[in-house]
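*Asks:* What follows is a structure written as structure tokens; I'll ask about it next.
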Amino acid sequence: MSASEEGRALMSASEEGRALMSASEEGRAATSGASAEDFARASDAIEALLAAVRPDQWDAATPCEEWNLRQLADHLVEVNYSLAGRFGGLSSGTAADPVAAYRLSAQALRDALALPGVLDQTYPGPFAHTTGANQLQVRMADLLTHGWDLARATGASADLPVDLTENALGFVQKLAGAFARSGKFGAPQPVAEDAPALDRLAAMTGRVV
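Residue numbers for the sequence shown follow UniProt numbering, beginning at 1 and rising by one.
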């Protein structure tokens, strides 16, 4: 799942959900979706990784080709706001630095997820209608995979919730065909069967582990 700023290889905010969950009926059958608590736990872990980035590291390369750490952080912020706006919450915000920007975007999505019926409501896509819970599951898979990217780029420990990572891995595995057809993901890479779930998730989304 290597990427360019133009979105040649990674989900952009507008493509997230369209190219994946909304792209086919496979998505609805593959998962029952994620919860607001799931997002909060994953997001807290991602924020901790961002907070650990040193000032001199923001221009460092990441496993997402052509995205440095600052650009990757911008992507995480953009997609949080995109989904929050889709759910009826804030769709934009400003902050002085990448960590604060991420924190505000994550709070916007948390607030949107607290709105009545958001996870049960069905949202339209160009090919299928999917629930908020299912669209949040797409967000979770993207977020956790990028957690691996952040850890790999900075040398930090990827202390992400194991249960959520395993759920994301199962989701990606079930939707492998739809992901391949989206054209947004690299081919799955070799990885040991007993590797940590996060490494297997990274490999499944085209990263060299």
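Every residue gets a Cβ at the ideal spot worked out from N, C-alpha and C, and that includes glycine. Treat the numbers as computed from the prediction; the structure is a model and nothing was measured.
Report the residue ranges of all alpha helix (DSSP H) runs contained in full by the stretch 108-186; include only those spanning at least 4 residues, in chain order.
*Replies:* 132-154, 162-174, 176-182
*Asks:* Roughly how far, in whole angstroms, is the beta-carbon of residue 52 from the beta-carbon of residue 156, given that I think they are within contact range, below 8 Å?
*Replies:* 5 Å
*Asks:* For residue 85, which residues from the same chain have a beta carbon less than 6 Å from its beta carbon, with the 5 sequence-adjacent residues on both sides left out?
*Replies:* 91
*Asks:* Answer yes or no: do residue 87 and residue 115 have a C-beta to C-beta separation smaller than 8 Å?
*Replies:* yes
*Asks:* Are the Cβ atoms of residue 76 and residue 143 separated by less than 8 Å?
*Replies:* Yes, the Cβ-Cβ distance between residue 76 and residue 143 is below 8 Å.
*Asks:* Below 8 Å, how does it come out for the stretch 184-202 and the stretch 98-110: are there three or more Cβ pairs, yes or no?
*Replies:* Output reads no: the stretch 98-110 does not touch the stretch 184-202.
*Asks:* Tell me whether residue 61 sits in a helix, a strand or coil according to DSSP, three-state version.
*Replies:* strand
*Asks:* Taking only beta-carbon positions, decide if residue 56 is within less than 8 Å of chain D.
*Replies:* Chain labels in this structure do not include chain D; a single protein chain is all it has.
*Asks:* According to DSSP, which residues form a beta bridge with residue 68?
*Replies:* 61
*Asks:* Would you identify the three-state DSSP class for residue 7, choosing helix, strand or coil?
*Replies:* Interpretation of residue 7 is limited by its pLDDT of 33, a score under 50 that renders its predicted location unreliable; the figure taken from the coordinates is listed afterwards. Correct three-state label for residue 7: coil.
*Asks:* Roughly how far, in whole angstroms, is the beta-carbon of residue 198 from the beta-carbon of residue 150, given that I think they are within contact range, below 8 Å?
*Replies:* At roughly 11 Å, the Cβ-Cβ gap does not stay under 8 Å, so residue 198 and residue 150 are not in contact.
*Asks:* Between residue 104 and residue 148, how many whole angstroms is the CB-CB distance? I'm expecting something under 8 Å.
*Replies:* With 8 Å as the limit, residue 104 and residue 148 do not qualify as a contact, their Cβ atoms being about 23 Å apart.
*Asks:* Would you call residue 120 buried or exposed, if buried means 16 or more other Cβ atoms sit within 10 Å of its Cβ?
*Replies:* Classified as exposed, residue 120 has fewer than 16 neighbouring CB atoms from the shown chains inside 10 Å of its CB.
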